[in-house]
Amino acid sequence: GGGGAGEKVPGGGKKQKAPKEPGAFQKGRPMALHSALFEQCYKGRVVPDEEWSQFMEVLHKDLPVTFRFSNTNPLGAALAAYMQREFLQQGALAVDGMPETGDNVEASADAAAGALPQQRPLYPLLGMETAWKLDLPKTVLRKAAGPKRLHCFLKRCTELGAISRQEAVSMIPALLLRGGQGLRVLDLCASPGMKTLQLLDMTAERPQANDGASVPTVAAIRGAGAVVSNELDGRRCCMLAHHVLKARNPAGLVIHHNALALPPLGEHGERFDRVLCDVPCSGDGTIRKAPQLLAGWRPNRSSALHQLQVRIACAGAARLAVGGRMVYSTCALSPIENEAVVAALLMRARGALELVDCS
Numbered sequence: 278g279g280g281g282a283g284e285k286v287p288g289g290g291k292k293q294k295a296p297k298e299p300g301a302f303q304k305g306r307p308m309a310l311h312s313a314l315f316e317q318c319y320k321g322r323v324v325p326d327e328e329w330s331q332f333m334e335v336l337h338k339d340l341p342v343t344f345r346f347s348n349t350n351p352l353g354a355a356l357a358a359y360m361q362r363e364f365l366q367q368g369a370l371a372v373d374g375m376p377e378t379g380d381n382v383e384a385s386a387d388a389a390a391g392a393l394p395q396q397r398p399l400y401p402l403l404g405m406e407t408a409w410k411l412d413l414p415k416t417v418l419r420k421a422a423g424p425k426r427l428h429c430f431l432k433r434c435t436e437l438g439a440i441s442r443q444e445a446v447s448m449i450p451a452l453l454l455r456g457g458q459g460l461r462v463l464d465l466c467a468s469p470g471m472k473t474l475q476l477l478d479m480t481a482e483r484p485q486a487n488d489g490a491s492v493p494t495v496a497a498i499r500g501a502g503a504v505v506s507n508e509l510d511g512r513r514c515c516m517l518a519h520h521v522l523k524a525r526n527p528a529g530l531v532i533h534h535n536a537l538a539l540p541p542l543g544e545h546g547e548r549f550d551r552v553l554c555d556v557p558c559s560g561d562g563t564i565r566k567a568p569q570l571l572a573g574w575r576p577n578r579s580s581a582l583h584q585l586q587v588r589i590a591c592a593g594a595a596r597l598a599v600g601g602r603m604v605y606s607t608c609a610l611s612p613i614e615n616e617a618v619v620a621a622l623l624m625r626a627r628g629a630l631e632l633v634d635c636s
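All you need for the numbering used here is the position in the sequence shown, starting with 1, plus 277.
Next up, the structure:
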């Protein structure tokens, strides 16, 4: 890439940068989210016509900050209790011109970023005991006194491995696995590792030493369950290992293999009680977080990934124990990457798999 002032060309002059295309993403500037092709493919087919305006309105809103405290990290419970004492009391996160509570709060034209919150900005997510949501604009979180103090606290907790910064929708696949203590879990495409950490919290109990021993026995570690997380890409695997190491849980194991050709795991090639297949996808379900994806969106990307997704799903099912549960998930909206893959998997399974209604 060239420098900010343009690229040098023979003759001593500078090559001028090409002008930005209308609607192209430019850092630091608001982006108009619109794609005629995206609308043609999804409006009325994936998103009902009567909900399309609301759907696009949501895409223009900033994502809230969501995070989880770790059950298995030795500091998790204490830090969660400290946060509730310090930041849930009235006025702890107050900002000038931005009341913490109120029924008729209106955002001014020069508000820091988007609409102001209509309830206390920090609150737990429903159905998840250790997950929290923070409804404050990022500019306020980094500058206002009370929110900035919370921001520094969350950064320190992240460094200690006590919390995981994870979007709320990303927590759903692990919840649907319905893990329990002592289970063997396989996360087939695991990087960057937030779902792996969530699975460790749900299914892998921290092994305890017995008879006064300072270190748990191998039998104790095995009985506490295990989460095996796999990643093909080398750099992403290093990121995954970094996050798992911070969890300080011996039940977490990171491997670097092709999901379609995993070697036998365990002494007898044991199968897993739970398998998560969060497969590579087109990612068009993340447009709210990455609006630049919409400018280059094309429907053929889903078709190009479909066969790979089916193969990975089949590989995950082959590792599943009888009576086990597998969750298939993507960050895509296209039925070609979702329902069509599940249908193909069920056809190939020939009755060995049963579709579970999770509604």
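The C-beta atom is built at its ideal place from N, Cα and C for all residues, glycine as well.
For F344, which residues does DSSP report across the bridge? BP columns for F344 point to W409 and R442.
The region 466–474 touching the region 515–534, judged by at least three CB pairs closer than 8 Å: Contact between the region 466–474 and the region 515–534 is established, with three or more Cβ pairs separated by less than 8 Å.
Along the alpha helix (DSSP H) that carries M360, what are the first and last residues, could you check? That run of the alpha helix (DSSP H) goes G353 to F364.
Can you give me the start and stop residues for the alpha helix (DSSP H) that S312 sits inside? Looking at the DSSP string, S312 is not in any alpha helix (DSSP H), and its letter there is neither H nor E.
Sub-7 Å separation of C514 and H533 beta-carbons: yes
So is A609 in contact with chain C if we call contact Cβ pairs under 7 Å? Here chain C cannot be found, since the structure has a single protein chain.
Which runs of the beta strand (DSSP E) at least 3 residues long sit entirely within the region 524–608? Give them in chain order. 529–532, 549–555 and 597–606
Is it true that the region 596–605 meets the region 354–368, where meeting means three or more beta-carbon pairs spaced less than 8 Å apart? no
Of the listed residues G353, A421, C554 and N615, nearest to E508 (C-alpha basis): C554
Beta-carbon proximity list for S580, same chain, < 8 Å, skipping 5 on both sides: Result list for S580: I613, in chain order.
CB L460 to CB R345, shorter than 7 Å? no
Given a cut-off of 7 Å on the beta-carbon distance, is the pair V633 and Q586 in contact? no
Can the beta-carbon of L336 be found less than 7 Å from the beta-carbon of R578? no
Output the distance between the C-alpha atoms of V556 and C466, rounded to the nearest integer angstrom. 6 Å
What is the rounded straight-line gap between the Cα of V323 and the Cα of P568? 19 Å
Is T473 near the ligand FAD, going by C-beta to nearest heavy atom under 6 Å? Ligands in the displayed structure: none, and consequently the ligand FAD is not present.
Could you check if V342 is buried or exposed, using at least 16 other CB atoms within 10 Å of its CB as the buried criterion? Result: buried.
Taking its Cβ as the centre, do 16 or more other Cβ atoms sit within 10 Å of M479, making it buried, or is it exposed? Its Cβ being crowded by 16 or more others within 10 Å, M479 is buried.
So C591 packs on L622, CB below 8 Å; how close in whole Å? 6 Å
When we look at the beta-carbon of D326 and count the other beta-carbons within 10 Å, is it buried (16 or more) or exposed? Counting of Cβ neighbours within 10 angstroms places D326 among the exposed residues, the total staying below 16.
DSSP-derived helix/strand/coil call for L453: helix
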